[in-house]
Amino acid sequence: MNKNILYGGLVVFVAGLFGWKYLSVNVWGPTDQQMIDHALTEAVQASKEGRPGGVMDYLADRLKVNSDEFGSRQVANFIKDSHPDINIPKAPAIVSGDQARITAPVSVKVSYMGFNVDKTIDNVSLVFDRSEGHVWLFIPVKKWRLSQVLVPQDITNW
Numbered sequence: 025m026n027k028n029i030l031y032g033g034l035v036v037f038v039a040g041l042f043g044w045k046y047l048s049v050n051v052w053g054p055t056d057q058q059m060i061d062h063a064l065t066e067a068v069q070a071s072k073e074g075r076p077g078g079v080m081d082y083l084a085d086r087l088k089v090n091s092d093e094f095g096s097r098q099v100a101n102f103i104k105d106s107h108p109d110i111n112i113p114k115a116p117a118i119v120s121g122d123q124a125r126i127t128a129p130v131s132v133k134v135s136y137m138g139f140n141v142d143k144t145i146d147n148v149s150l151v152f153d154r155s156e157g158h159v160w161l162f163i164p165v166k167k168w169r170l171s172q173v174l175v176p177q178d179i180t181n182w
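Residues in the sequence shown are numbered consecutively from 25, following my numbering.
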């Protein structure tokens, strides 16, 4: 009988722990704006350090830049080889359903394949999609990933 009480208590404790974690990330957790800011900050920092894995956590599987689409391997190789220094000022995200958009000036410093770029581009739109992620293996959480970058057309031929 004592073993059953011990096992029952352990099951209740573990279930309570998972319940608390679910509530802490889905009910009392950060706002969409905070999650987007965190994703952007982490991705920018990881790109400066040349850590593609840290960036890929916050990018969609296929990243679009205007009409061009890049796979995760292409983006990872670019980050690893060039360590781009990207500076995006804090700006409010406009959230509409499962998509959010930030429009802000973006400063880019990158050296890649013999080309050096140091430029500030105004009115760059960053489009984020909400996706499902998991913590503790099976607790569902919402996660924002950068899916598209819209750069003004007059700037793409630099």
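We treat Cβ as the ideally placed atom computed from N, Cα and C, and that holds for glycine.
**Nearest-angstrom Cα separation, counted from residue 58 out to residue 120** = 15 Å
**Request:** Would you kindly report the start and end of the unbroken beta strand (DSSP E) that includes residue 163?
**Result:** 163-174
**Message:** Going by DSSP, what residue range makes up the beta strand (DSSP E) through residue 97?
**Reply:** Segment 96-106 is the alpha helix (DSSP H) holding residue 97; no beta strand (DSSP E) there.
**Prompt:** For the candidate residues 91, 101, 85, 64, whose alpha-carbon lies nearest to that of residue 75?
**Reply:** 101
**Request:** Identify which residue in 149, 161, 175, 166 has its Cα closest to the Cα of residue 122.
**Result:** 166
**Request:** Could you work out which residue in 92, 61, 65 is closest to residue 177 when comparing CA atoms only?
**Result:** 92
**Item:** Run of the beta strand (DSSP E) containing residue 46, from where it starts to where it stops
**Value:** Run containing residue 46: none in the beta strand (DSSP E); it sits in the alpha helix (DSSP H), 26-50.
**Request:** Please state whether DSSP places residue 116 in a helix, a strand or coil.
**Result:** coil
**Prompt:** Skipping 5 residues on each side, what residues in its chain have a beta carbon closer than 8 Å to that of residue 141?
**Reply:** 132, 133, 134, 135, 182
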